[in-house]
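Taking my numbering, the leading residue of the sequence shown gets 15, the next gets one more, and so forth. For glycine and all other residues, C-beta sits at the position ideal for the given N, C-alpha and C. Data block below; observations after.
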Amino acid sequence: MQKIKIALITGSTSGIGKAIALKMAQLGHRVIINGFGDQKEIDALVVELTSISKQQAHYFATDMSKPQEIEKLFETVNRDIGPVDILVNNAGIQYVAPIEEFPTDKWDAIIAINLSSVFHTIKAVISPMKKSGWGRIINIASAHSLVASPYKSAYVAAKHGVAGITKTVALEVATNGITVNAISPGYVLTPLVAKQIPDTAKARGITQEEVKRDVLLAAQPTKEFVESEDVAEAVAYMCSDAAKGITGTNLSIDGGWTAK
Ligand code: NAD
């Protein structure tokens, strides 16, 4: 892969998406980030990405739960930056509650952000990718695209859906130079997860190390968190020419979770 590519990563102001954006910049690509957060931090990230890749990075505050906003995003990107070569669907949220108490608005939000946005973004990039004869679509799913945990009905349903659309679109565009894959991490110590550790330790009267090992990593045989940067390396590999024959897969990076 020689040419500078345009890489759009949804939900990339934090955690896994941010690590992927930084990796794409290291590869010299023109990076488009998205998500919410502190505007000063986001501006600083755009400057950092631009300085790493030597290509102007961009930020769009598009709400991935809103199809019309997604449509507008791609209109703007196509007009002002160029067609997206690498699409990483990473934006995601979580909510945990028993099914009979699961708030309908939380179900709707999780399905919209974690699953339907994947449909809308893929729909928007496929024609330009077909035209250029090259494209990489990588959907950040989860171990929960393969197995379930109680109280996560919406998240598990959405992530199983992401695995399904990945396989379907991979088949549809297999002869167009476009690959479509999913990556399914186990527990990753993103700021979101890290924040829960002190409170859980206090609530359960155990140490923070015990929270990590016995609560968060109970399902993960390695007893180690997956690193955001390792997920980003897998994305980079899937973007490489060496991975041109890899399509329709769902790569687990879960410390053995789904081997059980
Ligand atoms: P995070 O909360 O650190 O980052 C989520 C990103 O999505 C942020 O940039 C946030 O602003 C953005 N976002 C949230 N709602 C959005 C919306 N409506 N529109 C646009 N952007 C929105 O989370 P993370 O842990 O880095 O998770 C990233 C992805 O990885 C998610 O899809 C998540 O399901 C998946 N994942 C995470 C883990 C984990 O343990 N952290 C494990 C498996 C899969």
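query	result
With a threshold of 8 Å, are at least 3 pairs of Cβ atoms found where one atom belongs to the stretch 205-214 and the other to the stretch 157-165?	no
Can you say whether D99 is buried or exposed, counting buried as having 16 or more other CB atoms within 10 angstroms of its CB?	buried
When the Cα atoms are used, what is the spatial distance from Q70 to K19?	12 Å
What number of angstroms, rounded off, separates the C-alpha of I127 from the C-alpha of K80?	8 Å
Using DSSP bridges, identify the partner residues of T193.	R150
Give the range of the beta strand (DSSP E) segment to which A126 is assigned.	Counting along the chain, A126 falls outside any beta strand (DSSP E), and DSSP gives it neither H nor E.
Rounded to the nearest angstrom, what separates I140 and G219 at their Cα positions?	51 Å
Could you tell me which of E115, A138, N92 and N153 sits nearest to L129, measuring between CA atoms?	N153
One question on the structure: do G49 and T64 come within less than 8 Å of each other, judged by their Cβ atoms?	no
Does DSSP put Y169 in a helix, a strand or coil?	helix
Could you pull out every residue in the same chain whose Cβ sits closer than 6 Å to the Cβ of G200, ignoring the five residues on either side in sequence?	A157, Q234, V240, D268, G269 and W271
For L206, is the beta carbon positioned less than 7 Å from some heavy atom of the ligand NAD?	yes
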